[in-house]
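Down below is the structure, laid out as structure tokens.
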Amino acid sequence: MSDQKKAPIRFSSLDGLFKGRQGVLFSIFLLFILFLGVFPFLPFASGFWLNTLTLILLLAAMSIGWNFIGGYTGYAAFGNVAFFGIGAYGTGLSMIRLGLSFFPALLIGAVAAMVFAILIGLPILRLKGHYFAIATVAIATALGEIADSWTSFTGGAAGITLPFFDPIEWSGQFFYYMAYLLAIGGLLLTWFILNRKMGYSWVAIREDEDAANMMGINTTWSKVMAFALSALMAGLAGGIYAYWKTFVLAEEVFKIEYTLQMILAAVLGGTGTIFGPFIGAFIYYILITLLVFFLPVGQLHATILGAIIILVMVFTPKGLMDFISGRKKLSINALLENIRTYRV
Amino acid sequence: METLQLTQGVVNAILLSGTLTLVAIGFSIVWGILNIINLAHGAFLMVGAYITYWLFTLYGVDPFLSLPISMLTMFVVGYMVQRYLINLVIRAPLLVTFLLTFALEIIIINLATFFWKGDLRSVTPDYAGLGFTIGDVQIPYVRLAAFVISLVLTGLLHVFMTYTKTGNAIRATGMDIDAARLQGVRIPQTYALTYALGTALAAGAGTLISISFPIDPTMGGAYTLRAFVICVLGGLGSIPGVILGALLFSFIEVFSGIWAPSLKDAIALLVLVLVLIFRPSGIAGKAFYH
Chain A
1 MSDQKKAPIR FSSLDGLFKG RQGVLFSIFL LFILFLGVFP FLPFASGFWL
51 NTLTLILLLA AMSIGWNFIG GYTGYAAFGN VAFFGIGAYG TGLSMIRLGL
101 SFFPALLIGA VAAMVFAILI GLPILRLKGH YFAIATVAIA TALGEIADSW
151 TSFTGGAAGI TLPFFDPIEW SGQFFYYMAY LLAIGGLLLT WFILNRKMGY
201 SWVAIREDED AANMMGINTT WSKVMAFALS ALMAGLAGGI YAYWKTFVLA
251 EEVFKIEYTL QMILAAVLGG TGTIFGPFIG AFIYYILITL LVFFLPVGQL
301 HATILGAIII LVMVFTPKGL MDFISGRKKL SINALLENIR TYRV
Chain B
1001 METLQLTQGV VNAILLSGTL TLVAIGFSIV WGILNIINLA HGAFLMVGAY
1051 ITYWLFTLYG VDPFLSLPIS MLTMFVVGYM VQRYLINLVI RAPLLVTFLL
1101 TFALEIIIIN LATFFWKGDL RSVTPDYAGL GFTIGDVQIP YVRLAAFVIS
1151 LVLTGLLHVF MTYTKTGNAI RATGMDIDAA RLQGVRIPQT YALTYALGTA
1201 LAAGAGTLIS ISFPIDPTMG GAYTLRAFVI CVLGGLGSIP GVILGALLFS
1251 FIEVFSGIWA PSLKDAIALL VLVLVLIFRP SGIAGKAFYH
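Encoded structure:
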């Protein structure tokens, strides 16, 4: 999204973090994070809410990961579900084939996803635009097909079954906190990187890759790192998801809808911002839940998802954050601004 | 490998390449002129196939006769979609149009599954199983007809793009949108027309595919990827390039299907990635639309 003007990196230093309207918003956000932190101990925290929030937090974590490559570096990666799948299979297979406990298995899954990202990233990150996007789709699709047909290793269409979390009555809380820590870890990681040379390299590559190269930035290394870190987030999320559901199936963990959800969450919250993907994941779930609730559609769930994508892309491809935070007033003019800029 | 299997494979690949040319050519002009990757291409193809199926099943219309109906219907649909939706954000960054066409694909497939169910269906006219043999190589009539019709349609497209005023306007828009506008080309309509041509060709391909293969609502995605691979193989935006790319791809597909049936798509996709890495401008070289 190189020709879109992005706000400069916000919250990059601690001064002024709590000043003005930005300070108010940041305080609200911190309170929300704290609220999520103690959520499982609140009286109304039922299994349903824990379940839903775990899903949202996992999506937030993956979306934060996607933001590294898609938001900051500006490479439209459309196959991040591949890393989710590798994380899920890596964790699951290590647990049942090697008999490892969850944490070392999760580490193996995540490292496998990162190594894979580096190996494919080196060649395909040389591609630009559509070519890069389709190459990532192709790799994710091919991986799903391989996982589905390599029965002797992955269990094929029968999937693999993982042991249950022990003690099972704490299972809901355990996975909630895993997802929570992963999402918060992702936020901290984003903030940490943005204050370093790596973060500036990413933005420089997004704005003008040739210029960044001329300035002496090792663009290949920066891009591959962005890709690998996004793989790390998705891989960890995949591993947690696998143990949570105690079941890994190629059709499920390589579903392209997951990539779409990551991107949509990032876009709704604002790509190339620290908190955007995190908040976007919540916005996404609220939107889809409301729509499904008010429209009795049943089987047409995917149509709703598609309609949301179209509406967002046509009216607010820069996300809803400006409206929510009050930086921009929600009006017909504001919604038509995008069309006025990009129509023919 | 036996000689018979080899020759049959070669014949199958050549027959397949005709249909795949038609699948890819619409995708190619939309990409070349509008500079968008139309991820909904396969979904339009699927709708074209279903139009043929329903006309045949409900009214007994011969599948080859339904070709113009399915193409015309989808031409109108494609024109509307581009004119009143995609045109709104056509100059936005890549991610926007990519997601937009992706969303269209999701919606079309979901609606098709909802209304027509996910079952595999086949169009079975009386002559479906007939064919002739040369030596021991079998050639079904329907696939030969599909091959010929594909090439005729591709030829017609070439004539249209090269020798008509509208075709030249489309090509001019692809080369330089501002210069084209100054020459009096109406860009929104031209874009819509280009997209409509792309969807009509996709629908035509869908009709031809439905006669030879079973169809279901999710059949399109594989064809979108194939179209992309073929465009990359052949080099973007040239009709001979697409034909060459389709031929090459058909051989890869047919022979990988013989050797490793379950990994057919994976192999095709790996070929795509390898070509992108080592020869991003395609086998046939550089584009001419641009």
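Quick note, the sequences are listed as chains A and B, same order. So that you can map any letter, position 193 of the first sequence is 193 in this note's numbering, and since no number is skipped, the others follow by simple counting. Just add 1000 to wherever you are in the second sequence, counting from 1, and you've got this note's numbering. For glycine and all other residues, C-beta sits at the position ideal for the given N, C-alpha and C.
For B/P1140, same chain residues with a beta-carbon under 6 Å away, outside a window of 5 residues either side, are G1131 in chain order. Along the stretch 131-144 of chain A, going in chain order, the ones with a CB nearer than 7 Å to a CB of chain B are Y131, A133, I134, A135, A138, I139, T141, A142. Closest in alpha carbon position to B/T1057, among B/S1210, B/G1042, B/P1261, is B/S1210. Within the model, the alpha-carbon separation for A/Y284 versus A/E337 is close to 22 Å. In chain order, I193 place their CB closer than 6 Å to the CB of A/G199, counting only its own chain and leaving out the 5 sequence neighbours on each side. Judged by DSSP secondary structure, A/F78 falls outside any beta strand (DSSP E); it is assigned neither H nor E.
Cβ neighbours of A/D322 within its own chain (closer than 6 Å, five residues either side excluded): K328.
In this structure A/G306 is not in contact with A/F247, their Cβ atoms being roughly 27 Å apart against a cut-off of 8 Å. Under DSSP, B/G1131 forms a beta bridge with B/P1140. The shortest CA-to-CA distance from B/A1146 to any of B/G1009, B/L1016, B/T1007 is the one to B/L1016. Counting other Cβ atoms within 10 Å of its Cβ, A/L188 stays below 16 and is therefore classed as exposed.
Proximity of A/V344 to chain B, defined by a Cβ-Cβ separation below 8 Å, is satisfied.
For the 8 Å CB-CB criterion, A/V312 and A/L264 form a contact. By the Cβ neighbour-count rule, B/Y1163 is exposed, with fewer than 16 other Cβ atoms within 10 Å of its own. In this structure, B/L1034 is the residue among B/L1034, B/I1106, B/T1166 with its C-alpha nearest to the C-alpha of B/I1090. For A/I310, the neighbours in chain B by C-beta distance under 9 Å run, in chain order, L1085, L1099, L1100, A1103, L1104, I1107.
The beta carbons of B/F1044 and B/F1228 sit no closer together than 8 Å. Bounds of the alpha helix (DSSP H) holding B/M1074 are 1066-1084.
Between A/A231 and A/F102 the beta-carbon gap is near 20 Å, outside 8 Å, which marks them as no contact.
DSSP places A/T259 in the helix class (H, G or I) of the three-state scheme. With a 10 Å radius around the Cβ and a threshold of 16 neighbouring Cβ atoms, B/I1108 comes out buried.
Note that the C-beta distance between A/G121 and A/V224 is below 8 Å.
In the structure shown, the three-state DSSP call for A/F247 is strand.
Annotation for B/T1052: the continuous alpha helix (DSSP H) segment containing it runs 1041-1059.
For the C-beta of B/L1247, not a single chain A residue is nearer than 7 Å; the gap to the nearest is close to 20 Å.
Inclusion of A/F254 and A/A82 in the CB contact set at 8 Å is warranted, their separation being smaller than that value. In terms of Cα proximity to B/I1243, the closest of B/Y1050, B/I1215, B/R1279, B/R1226 is B/R1226. It is roughly 22 Å from the alpha-carbon of B/M1161 to the alpha-carbon of B/L1247. Taking 8 Å as the cut-off, the Cβ atoms of A/A138 and A/L236 do not count as close.
The contact set of A/A307 on chain B, defined by CB atoms closer than 8 Å, consists of A1103, I1107 in chain order.
The Cβ of B/Y1191 sits closer than 8 Å to at least one Cβ of chain A. For B/A1266, the nearest CB of chain A lies under 8 Å from its own CB, placing it at the interface with that chain.
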